[in-house]
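A short worksheet on the structure shown next.
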Amino acid sequence: GRIAANNIYGIAEEYQGTQGTSILKVFDMTVAATGNNEKLLKRCNVPYEKSFTHSASHAGYYPEALPLSIKLIFSPDKGKILGVQIIGYDGVDKRIDVIATAIRAGMTVYDLEKLELAYAPPYSSAKDPVNIAGYVASNILKGDSVIIHWHDIDKLDREKTVMIDVRTPEEYSLGTIEGAKNIPVDKLRNRLSEIPQDREIIIFCQVGLRSYIACRILRQKGYKKVKNLSGGYKTYFPAVQKQSNIGIHDYEK
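Note that UniProt numbering numbers the sequence shown so that position 181 is 181, with each residue one more than the last.
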(Lines of atoms letter the chains of each structure in order from A; the text may use other names.)
(Lines give C-alpha, C1' and ligand atoms only; values in the text may rest on other atoms or scores of the structure.)
Protein backbone atom coordinates (compact mmCIF):
# COMPACT_ATOMS: atom_id res chain seq x y z
CA GLY A 1 0.00 0.00 0.00
CA ARG A 2 2.77 2.43 0.89
CA ILE A 3 4.65 1.66 -2.36
CA ALA A 4 1.50 2.27 -4.41
CA ALA A 5 0.81 5.51 -2.56
CA ASN A 6 4.38 6.73 -3.10
CA ASN A 7 4.16 6.07 -6.83
CA ILE A 8 0.81 7.87 -7.03
CA TYR A 9 2.41 10.79 -5.25
CA GLY A 10 5.29 10.81 -7.74
CA ILE A 11 7.95 9.07 -5.66
CA ALA A 12 9.40 6.23 -7.77
CA GLU A 13 9.60 3.05 -5.71
CA GLU A 14 9.71 -0.62 -6.73
CA TYR A 15 8.29 -3.65 -4.95
CA GLN A 16 11.23 -5.90 -4.12
CA GLY A 17 9.31 -9.04 -3.31
CA THR A 18 8.68 -10.94 -0.10
CA GLN A 19 10.51 -13.83 1.50
CA GLY A 20 7.60 -15.10 3.56
CA THR A 21 9.01 -14.74 7.06
CA SER A 22 6.58 -16.41 9.47
CA ILE A 23 6.40 -17.69 13.03
CA LEU A 24 3.89 -19.86 14.86
CA LYS A 25 3.42 -21.13 18.40
CA VAL A 26 2.59 -24.85 18.64
CA PHE A 27 1.78 -25.63 22.28
CA ASP A 28 5.10 -25.03 24.11
CA MET A 29 7.16 -24.89 20.93
CA THR A 30 7.83 -22.20 18.37
CA VAL A 31 8.18 -22.88 14.64
CA ALA A 32 9.50 -20.26 12.23
CA ALA A 33 10.59 -20.03 8.60
CA THR A 34 11.87 -17.52 6.09
CA GLY A 35 12.89 -17.69 2.45
CA ASN A 36 12.59 -20.76 0.25
CA ASN A 37 11.92 -24.32 1.32
CA GLU A 38 13.05 -27.51 -0.39
CA LYS A 39 9.72 -28.17 -2.07
CA LEU A 40 9.73 -24.79 -3.82
CA LEU A 41 13.38 -25.02 -4.86
CA LYS A 42 12.85 -28.48 -6.35
CA ARG A 43 9.79 -27.27 -8.25
CA CYS A 44 11.80 -24.37 -9.68
CA ASN A 45 14.83 -26.59 -10.44
CA VAL A 46 17.09 -24.45 -8.26
CA PRO A 47 20.19 -26.30 -7.00
CA TYR A 48 20.71 -26.17 -3.24
CA GLU A 49 22.43 -27.79 -0.28
CA LYS A 50 21.22 -27.95 3.30
CA SER A 51 22.49 -28.44 6.82
CA PHE A 52 20.87 -29.46 10.09
CA THR A 53 22.13 -28.18 13.42
CA HIS A 54 20.88 -28.74 16.95
CA SER A 55 22.01 -26.17 19.51
CA ALA A 56 20.87 -24.86 22.88
CA SER A 57 18.88 -21.65 23.20
CA HIS A 58 21.62 -20.26 25.45
CA ALA A 59 24.77 -21.42 27.25
CA GLY A 60 24.27 -25.00 28.43
CA TYR A 61 25.76 -24.38 31.88
CA TYR A 62 23.16 -21.68 32.56
CA PRO A 63 19.80 -23.02 33.85
CA GLU A 64 16.88 -23.69 31.51
CA ALA A 65 18.79 -23.97 28.24
CA LEU A 66 16.42 -25.61 25.74
CA PRO A 67 16.99 -27.31 22.38
CA LEU A 68 16.79 -25.32 19.16
CA SER A 69 17.06 -26.91 15.71
CA ILE A 70 17.96 -25.09 12.49
CA LYS A 71 17.60 -26.31 8.92
CA LEU A 72 19.61 -23.98 6.70
CA ILE A 73 19.24 -24.06 2.90
CA PHE A 74 21.91 -22.44 0.73
CA SER A 75 23.33 -22.39 -2.78
CA PRO A 76 26.03 -25.03 -3.42
CA ASP A 77 28.31 -22.66 -5.32
CA LYS A 78 28.66 -19.44 -3.32
CA GLY A 79 26.75 -20.37 -0.17
CA LYS A 80 24.05 -17.73 -0.60
CA ILE A 81 21.33 -18.25 2.00
CA LEU A 82 18.13 -19.39 0.31
CA GLY A 83 15.93 -20.25 3.28
CA VAL A 84 15.77 -21.52 6.83
CA GLN A 85 13.38 -23.28 9.18
CA ILE A 86 13.82 -23.19 12.95
CA ILE A 87 12.01 -25.04 15.72
CA GLY A 88 12.53 -24.81 19.46
CA TYR A 89 11.18 -23.61 22.78
CA ASP A 90 13.07 -20.37 23.35
CA GLY A 91 14.94 -17.87 21.20
CA VAL A 92 13.47 -18.98 17.88
CA ASP A 93 12.10 -15.52 17.10
CA LYS A 94 15.38 -13.65 17.31
CA ARG A 95 17.27 -16.28 15.27
CA ILE A 96 14.69 -16.23 12.48
CA ASP A 97 14.84 -12.42 12.43
CA VAL A 98 18.64 -12.47 12.15
CA ILE A 99 18.60 -14.87 9.20
CA ALA A 100 15.64 -13.10 7.56
CA THR A 101 17.73 -9.93 7.62
CA ALA A 102 20.72 -11.85 6.26
CA ILE A 103 18.64 -13.14 3.34
CA ARG A 104 17.35 -9.65 2.56
CA ALA A 105 20.96 -8.41 2.53
CA GLY A 106 22.06 -11.19 0.17
CA MET A 107 24.46 -12.68 2.71
CA THR A 108 26.11 -16.09 2.56
CA VAL A 109 26.72 -18.86 5.07
CA TYR A 110 30.27 -17.53 5.40
CA ASP A 111 28.80 -14.26 6.64
CA LEU A 112 26.79 -16.11 9.29
CA GLU A 113 30.06 -17.42 10.74
CA LYS A 114 31.25 -13.88 11.37
CA LEU A 115 28.10 -12.25 12.75
CA GLU A 116 28.74 -10.61 16.11
CA LEU A 117 25.53 -11.20 18.04
CA ALA A 118 24.65 -10.23 21.60
CA TYR A 119 26.01 -12.70 24.13
CA ALA A 120 25.50 -13.35 27.81
CA PRO A 121 24.90 -16.84 29.28
CA PRO A 122 21.15 -16.29 29.93
CA TYR A 123 20.57 -15.28 26.30
CA SER A 124 22.97 -17.14 24.01
CA SER A 125 26.29 -18.97 23.76
CA ALA A 126 29.68 -17.51 22.85
CA LYS A 127 28.92 -18.90 19.42
CA ASP A 128 25.24 -18.32 18.75
CA PRO A 129 23.17 -21.07 17.05
CA VAL A 130 23.18 -18.83 13.96
CA ASN A 131 26.99 -18.83 13.98
CA ILE A 132 27.02 -22.61 14.41
CA ALA A 133 24.67 -23.06 11.44
CA GLY A 134 27.06 -20.92 9.41
CA TYR A 135 30.09 -22.96 10.48
CA VAL A 136 28.47 -26.27 9.60
CA ALA A 137 27.25 -25.05 6.21
CA SER A 138 30.66 -23.56 5.43
CA ASN A 139 32.38 -26.84 6.31
CA ILE A 140 30.12 -28.61 3.82
CA LEU A 141 30.89 -26.15 1.02
CA LYS A 142 34.64 -26.20 1.67
CA GLY A 143 34.71 -30.00 1.69
CA ASP A 144 35.85 -30.17 5.31
CA SER A 145 32.73 -32.20 6.04
CA VAL A 146 31.44 -34.66 3.44
CA ILE A 147 27.85 -35.36 4.43
CA ILE A 148 24.99 -37.71 3.76
CA HIS A 149 21.38 -36.79 4.55
CA TRP A 150 18.88 -38.88 6.49
CA HIS A 151 16.76 -39.66 3.41
CA ASP A 152 19.74 -41.23 1.63
CA ILE A 153 20.54 -43.78 4.34
CA ASP A 154 17.98 -46.34 3.15
CA LYS A 155 19.36 -46.08 -0.40
CA LEU A 156 22.80 -47.35 0.65
CA ASP A 157 24.10 -50.75 -0.40
CA ARG A 158 24.73 -52.19 3.05
CA GLU A 159 27.07 -54.83 1.60
CA LYS A 160 29.42 -52.03 0.57
CA THR A 161 28.82 -49.72 3.53
CA VAL A 162 29.85 -49.64 7.19
CA MET A 163 27.70 -47.61 9.61
CA ILE A 164 29.47 -46.47 12.77
CA ASP A 165 27.71 -44.92 15.76
CA VAL A 166 30.35 -42.95 17.68
CA ARG A 167 28.15 -42.16 20.67
CA THR A 168 28.58 -43.77 24.08
CA PRO A 169 27.41 -47.36 24.67
CA GLU A 170 24.61 -45.97 26.84
CA GLU A 171 23.32 -43.77 24.02
CA TYR A 172 23.73 -46.62 21.54
CA SER A 173 21.63 -48.93 23.73
CA LEU A 174 18.72 -46.47 23.66
CA GLY A 175 18.41 -46.67 19.89
CA THR A 176 20.55 -46.52 16.78
CA ILE A 177 20.37 -46.97 13.01
CA GLU A 178 19.82 -50.60 12.08
CA GLY A 179 23.10 -52.38 11.42
CA ALA A 180 25.31 -49.69 12.95
CA LYS A 181 28.42 -50.69 14.89
CA ASN A 182 29.19 -48.83 18.12
CA ILE A 183 32.71 -47.40 18.34
CA PRO A 184 32.76 -44.38 20.70
CA VAL A 185 34.75 -41.48 19.29
CA ASP A 186 37.15 -41.55 22.26
CA LYS A 187 38.13 -45.12 21.38
CA LEU A 188 38.20 -44.73 17.61
CA ARG A 189 41.97 -44.45 17.21
CA ASN A 190 42.48 -47.71 19.11
CA ARG A 191 39.90 -49.63 17.06
CA LEU A 192 40.83 -48.73 13.50
CA SER A 193 41.45 -52.41 12.73
CA GLU A 194 37.67 -52.93 12.93
CA ILE A 195 37.03 -50.43 10.12
CA PRO A 196 37.72 -51.58 6.53
CA GLN A 197 39.22 -49.04 4.13
CA ASP A 198 37.65 -50.52 1.01
CA ARG A 199 34.06 -49.64 1.99
CA GLU A 200 32.08 -46.45 2.32
CA ILE A 201 32.04 -45.38 5.96
CA ILE A 202 28.99 -43.55 7.35
CA ILE A 203 29.62 -41.93 10.73
CA PHE A 204 26.96 -40.52 13.02
CA CYS A 205 26.43 -39.33 16.58
CA GLN A 206 23.57 -37.52 18.27
CA VAL A 207 23.76 -34.14 16.49
CA GLY A 208 26.82 -34.28 14.24
CA LEU A 209 29.70 -32.86 16.28
CA ARG A 210 31.34 -36.07 17.50
CA SER A 211 30.83 -37.68 14.11
CA TYR A 212 32.55 -34.69 12.48
CA ILE A 213 35.55 -35.24 14.75
CA ALA A 214 35.47 -38.97 13.95
CA CYS A 215 35.42 -38.24 10.22
CA ARG A 216 38.44 -35.99 10.57
CA ILE A 217 40.29 -38.71 12.48
CA LEU A 218 39.57 -41.34 9.83
CA ARG A 219 40.52 -39.04 6.97
CA GLN A 220 43.78 -38.27 8.76
CA LYS A 221 44.40 -42.02 8.98
CA GLY A 222 43.95 -42.45 5.24
CA TYR A 223 40.28 -43.37 4.91
CA LYS A 224 38.91 -41.86 1.70
CA LYS A 225 35.22 -42.84 1.66
CA VAL A 226 33.97 -41.24 4.87
CA LYS A 227 30.70 -39.34 5.27
CA ASN A 228 29.03 -37.64 8.21
CA LEU A 229 25.27 -37.99 8.76
CA SER A 230 24.02 -34.40 8.67
CA GLY A 231 22.19 -33.52 11.88
CA GLY A 232 23.00 -36.88 13.43
CA TYR A 233 20.61 -39.38 14.97
CA LYS A 234 18.51 -36.53 16.35
CA THR A 235 17.58 -35.60 12.78
CA TYR A 236 17.40 -39.15 11.40
CA PHE A 237 15.18 -40.82 14.01
CA PRO A 238 12.09 -38.55 13.96
CA ALA A 239 12.38 -38.14 10.18
CA VAL A 240 12.02 -41.87 9.47
CA GLN A 241 9.29 -42.58 12.01
CA LYS A 242 5.78 -43.18 10.79
CA GLN A 243 3.03 -41.06 12.26
CA SER A 244 0.54 -42.89 14.43
CA ASN A 245 -2.39 -40.69 13.37
CA ILE A 246 -4.78 -43.09 11.66
CA GLY A 247 -6.11 -41.89 8.32
CA ILE A 248 -3.71 -38.98 7.80
CA HIS A 249 -0.92 -40.80 5.97
CA ASP A 250 -1.18 -43.90 3.80
CA TYR A 251 2.30 -45.42 3.98
CA GLU A 252 1.34 -48.27 1.64
CA LYS A 253 1.13 -45.92 -1.36
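Glycine included, each C-beta is placed from N, C-alpha and C at the ideal position.
Assign I140 to buried or exposed, taking buried as 16 or more other Cβ atoms, counted over all protein chains shown, within 10 Å of its Cβ. buried
For residue 259, which of helix, strand or coil comes out of DSSP? This structure cannot settle anything about residue 259, because the visible part of the chain is limited to 1 through 253.
Mind pulling the beta strand (DSSP E) runs of 3 or more residues that sit fully within the UniProt domain "Rhodanese" (157 to 245)? 161 to 165, 200 to 204 and 226 to 229
Within its chain, find whatever has a CB closer than 7 Å to the CB of L112; leave out the 5 residues flanking it on each side and keep chain order. A102, V130, N131, A133 and G134
Leaving out five residues before and five after A100 in sequence, what residues of the same chain have Cβ atoms less than 6 Å from its Cβ? Within the same chain, T21 and T34 come within 6 Å of A100 by CB-CB distance, once the 5 residues on both sides are set aside.
Can you round the beta-carbon distance between K227 and I147 to whole angstroms, since I take them to be within the 8 Å contact cut? 6 Å
Hey, quick one: how far does the beta strand (DSSP E) through V31 stretch, first residue to last? M29 to G35
Can you confirm whether the segment 159 to 167 touches the segment 67 to 84 when touching is taken to mean that 3 or more C-beta pairs between the two stretches lie within less than 8 Å? no
Are Y48 and P76 closer than 9 Å when you measure CB to CB? yes
From the DSSP output, read off the bridge partner residues of Q85. A33 and K71
Pair every Cβ in the segment 223 to 241 with every Cβ in the segment 187 to 205, then say whether three or more of these pairs are closer than 8 Å. As far as the Cβ criterion goes, the segment 223 to 241 touches the segment 187 to 205, which means the pair count is three or higher.
Provide the residue(s) that pair with H54 in DSSP beta bridges, ordered along the chain. S69
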